[in-house]
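If you read the sequence shown in my numbering, its first letter stands for residue 1, the second for the next number, and so on.
Yeah, the Cβ is synthetic: ideal placement off N, Cα and C, and Gly gets one too.
Here the structure is a predicted model, which is why all the values come from computation and not from measurement.
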Amino acid sequence: MTPPDTTRSAKPARSEAEVYDFRRPMTLARDHGRAIEMASETFARQWGTHLTSRMRILCGVTVEQVVMLPYDEYISTLPDQTAMFVGTAEDSRATVVLQLPLETTMMWIDLLLGGPGLDGAVAAREHTEIETSLLTDVVQANLHDLRYAFAAVTPLDVKLKGLQYSPQFAQLIPASEPVVVISFSVTTRDRVDTATLMVPGDTMLEQLRAGEQADERSPSDRADAEVAHQRVLATMQTVPVDVSVRLNPLTISPKDVVNVQVGEVILLNHSVSRPLEVVVDDRVLAHAVAGTSGRQLACQVVDFEENER
């Protein structure tokens, strides 16, 4: 009987590196996240009040979390069948999605039509034209509150464009684009479900980022900063730097280097008519021609590299 081979390969499994775009990080700054969360809480209170008045039963909405992630990752967190109310922000033309479970929307329809709104009384399915019209009216009224709630964050005057049921086939924006996803806990009588609001990251954060760049310093602070800036500039003018003059480099083999003899002539890769390079910190600052000044070698600048001045 041959014992099983329990030896493990010494070569570790190779893992694929995940591409990360540092220009578009997938994390929210703390201040940005807090501003969005406060706006979301305002919207949640208005949403809950509106639902209570429309459904004629006690409803409530609370914020669960605020995250930023790629659009395709957001889609992967949704059920295979769900109600995705797709709208467009009037100012930025960005796509905004309010997602609700079908079980919740079916319960709302039952209540809107005068039914008891019992949990599970109506099976989850795609809505009829009349049901869609009823839901669109309710959701559009809720989305109007986004404009007031998010006024300090970004303009969100959203107009509904349609209703979709299959997230995997809803290619609304590029898969890798960052989106801000706000999760809400929606309570309808005794039923509690999770709803999500999706807004493109650039749309949500543009105004917040612009506010960070605004100069909110007092006149005296700006004057002190200008004085310090001028001192730095004046000091930089007196900092010593190394300047060198060089020819075009020449490439030779190691064998030729080893065999160099005293008195041997090396043919340089630099024509007689070509100016020399004046170099500072390995950057070509100007061009010059060789000459003498008294008993010392010197060079006379003939032109500058404009992009390096």
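Item checked: Reference L163, options V86, V186, A228, M106, closest by Cα -> Among V86, V186, A228, M106, the Cα nearest to that of L163 belongs to V86.
Notebook entry, point to check: Between which two residues does the beta strand (DSSP E) carrying T88 extend?
Noted result: 83–89
Checklist line | 8 angstroms contact criterion, which T104 and D193 should meet: CB distance rounded | finding: In this structure, T104 and D193 form a Cβ contact; the two beta carbons are roughly 5 angstroms apart against a cut-off of 8 angstroms.
Notebook entry, point to check: Is DSSP giving E177 helix, strand or coil here?
Noted result: Here E177 sits in coil by DSSP.
Margin query: Below 8 angstroms, how does it come out for the segment 232–250 and the segment 124–131: are there three or more Cβ pairs, yes or no?
Written below: no
Next item on the list: Identify the continuous beta strand (DSSP E) that holds D303 and give its terminal residues.
Entry: 296–304
Next item on the list: Put R310 into one of helix, strand or coil per three-state DSSP.
Entry: The chain is shown only over 1 to 309; residue 310 falls outside these bounds and no answer can be derived.
Item checked: Cβ distance (whole Å) where G201 is taken to contact M84 below 8 angstroms -> Rounded, the Cβ-Cβ distance is 18 angstroms, inconsistent with contact.
Notebook entry, point to check: Straight-line CA distance for F169 to L135?
Noted result: 22 angstroms
Checklist line | Beta-bridge pairing of H287 - partner residues as DSSP gives them | finding: E277, D303
Check: How long is the line joining the alpha carbons of S9 and I173, rounded to whole angstroms?
Finding: The predicted model places S9 with a pLDDT of 49, which falls under 50 and marks its position as unreliable; any figure quoted below should be read in that light. S9 and I173 have their alpha carbons spaced roughly 43 angstroms apart.
Note to self: Helix, strand or coil for S9? Go by DSSP, reduced to three states.
What the structure shows: In this prediction, S9 scores a pLDDT of 49, lower than 50, which makes its location untrustworthy; the coordinate-derived value is nonetheless stated afterwards. DSSP places S9 in coil when its eight states are reduced to three.
Notebook entry, point to check: Going straight from the alpha carbon of V284 to that of T154, what length do you get?
Noted result: 47 angstroms
Next item on the list: Given a cut-off of 8 angstroms, decide if T82 and Q99 are closer than it, judged by their beta-carbon atoms.
Entry: yes
Item checked: 3-residue-minimum beta strand (DSSP E) runs that sit fully inside the segment 196–277, ordered along the chain -> 243–246
Margin query: According to DSSP, simplified to helix, strand and coil, what is Q164?
Written below: strand
Item checked: Pairwise C-alpha distance: N259 and S253 -> 10 angstroms
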